[in-house]
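To start, the structure itself, in structure tokens.
Residue numbers (full-length UniProt numbering): 1 to 356.
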């Protein structure tokens, strides 16, 4: 009997996917949103075509407003890879910023030889009296631009906070948004966090939408999708007072991943689900520990290694050829991660989420 039930459920899910392929005229009702599986190009086209329906029209031409908190949007909730903190009554999400700590510093170090080369050429021309008005003027302009880029890259990776979390406070029914206000052009603090701002909103006054964006390169256009929270003035007042992104981005063909992520948050805040599902864990950046940093991009070595397979063995042998790059990069990420500060929550917020 269980097998028949499982087969019937599988055929129902498959039919909903096929229904999506039929026509944009077949639009789901808010209460039926959970029956759809939004994966693949046809499903993506229909999903973002919902913008023409007033019930799903979000802020922007390519923003889809999801159903209210009382309605489920997915049968497969998953926290995703953006949970940075868990508390007895709190769940903190952040984007992938912590995963690239050290990248800007590494870029700055590679750019420094070019900076000093241009500086030495101009300095030698000045000492020898062989200044070329045009060439040296161009060199000075390049020197200023490159110097500013290096300065911003270094400040980005040593000042400010490791990540900017969004804390879902189930006990108080609040959403707390942490914003890093540390200036890249400020000399103080020399490293670590500076100014920051925390805004708290009622859970009942938030709605979430899926936004589509495009990243255009020379040979390719990448279409991405991401979750954005919209804050309205009150449950009966649709005036938008704030908007902020939630988590990272995925391919627009994989909207279902965003549905799963939002469903996990929705269930948690509605007292319908746990902080983390079985088998899930908090995201740990590579720079958080020295061993993890030294083993960065080594699939079978160190913390977070993958299960052993023949393909993973080949990947590991290939990765060993780049130890000259991965070890310095990992160490730089570790240093930068510990120079930056951990986000600070006020005592009353920590108390509300059950953390003393």
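Note that beta-carbon positions come from the ideal geometry of N, C-alpha and C, so glycine has one too.
Three-state secondary structure assigned by DSSP to residue i
| i | result |
| --- | --- |
| residue 24 | Only weak support exists for where residue 24 lies, its pLDDT of 44 falling under 50; the value from the coordinates is given anyway. Of the three classes helix, strand and coil, the one that applies to residue 24 here is coil, per DSSP. |
| residue 63 | strand |
| residue 223 | strand |
| residue 250 | strand |
| residue 210 | strand |
| residue 353 | coil |
| residue 270 | coil |
| residue 240 | strand |
| residue 357 | Absent from the structure is residue 357, since the part of the chain shown begins at 1 and ends at 356. |
| residue 261 | helix |
| residue 346 | coil |
N- and C-terminal bounds of the beta strand (DSSP E) containing residue i
| i | result |
| --- | --- |
| residue 337 | Here residue 337 belongs to no beta strand (DSSP E); instead the alpha helix (DSSP H) covers 323 to 339. |
| residue 100 | Unbroken run through residue 100: none, as it is neither H nor E. |
| residue 200 | 196 to 202 |
Residue i classed as buried or exposed, judged by whether at least 16 other C-beta atoms fall within 10 angstroms
| i | result |
| --- | --- |
| residue 251 | exposed |
| residue 87 | buried |
| residue 4 | With a pLDDT of only 43 at residue 4, under the threshold of 50, the placement of this residue in the model should not be trusted, and no figure is reported. |
| residue 132 | exposed |
| residue 326 | buried |
| residue 44 | buried |
| residue 182 | buried |
| residue 77 | buried |
| residue 206 | buried |
| residue 129 | exposed |
| residue 52 | exposed |
| residue 351 | exposed |
| residue 278 | exposed |
| residue 414 | The chain is shown only over 1 to 356; residue 414 falls outside these bounds and no answer can be derived. |
| residue 174 | buried |
| residue 356 | exposed |
| residue 137 | exposed |
| residue 348 | exposed |
| residue 340 | buried |
| residue 95 | buried |
| residue 186 | exposed |
Pairwise C-alpha distance: residue j and residue i
| i | j | result |
| --- | --- | --- |
| residue 67 | residue 336 | 40 Å |
| residue 313 | residue 254 | 29 Å |
| residue 280 | residue 178 | 24 Å |
| residue 152 | residue 184 | 6 Å |
| residue 244 | residue 189 | 27 Å |
| residue 315 | residue 89 | 40 Å |
| residue 263 | residue 211 | 17 Å |
| residue 304 | residue 81 | 13 Å |
| residue 60 | residue 204 | 22 Å |
| residue 220 | residue 213 | 14 Å |
| residue 149 | residue 39 | 39 Å |
| residue 231 | residue 71 | 18 Å |
| residue 218 | residue 109 | 26 Å |
| residue 56 | residue 101 | 37 Å |
| residue 180 | residue 197 | 7 Å |
| residue 284 | residue 98 | 9 Å |
| residue 64 | residue 310 | 42 Å |
| residue 118 | residue 324 | 27 Å |
| residue 167 | residue 79 | 14 Å |
| residue 354 | residue 273 | 17 Å |
| residue 248 | residue 156 | 19 Å |
| residue 115 | residue 328 | 21 Å |
| residue 159 | residue 307 | 36 Å |
| residue 134 | residue 141 | 11 Å |
Residue-level contact to chain D via CB, residue i, 8 Å cutoff
| i | result |
| --- | --- |
| residue 217 | Any reference to chain D falls outside this structure, which holds one protein chain only. |
Any non-hydrogen atom of the ligand ADP within 7 Å of residue i CB
| i | result |
| --- | --- |
| residue 201 | Of ligands this structure carries none, so the ligand ADP is not represented either. |
- [ ] Pick out the complete beta strand (DSSP E) segments inside the region 106 to 193, 3 residues or longer, and give them in chain order.
- [x] DSSP runs (the beta strand (DSSP E)) wholly in the region 106 to 193: 166 to 169, 174 to 180.
Task: alpha helix (DSSP H) runs contained entirely in the region 34 to 97, provided each spans 4 or more residues - done: 41 to 49
Task: Unbroken stretches of the alpha helix (DSSP H), 4 residues or longer, contained in the region 277 to 318 - done: 290 to 294
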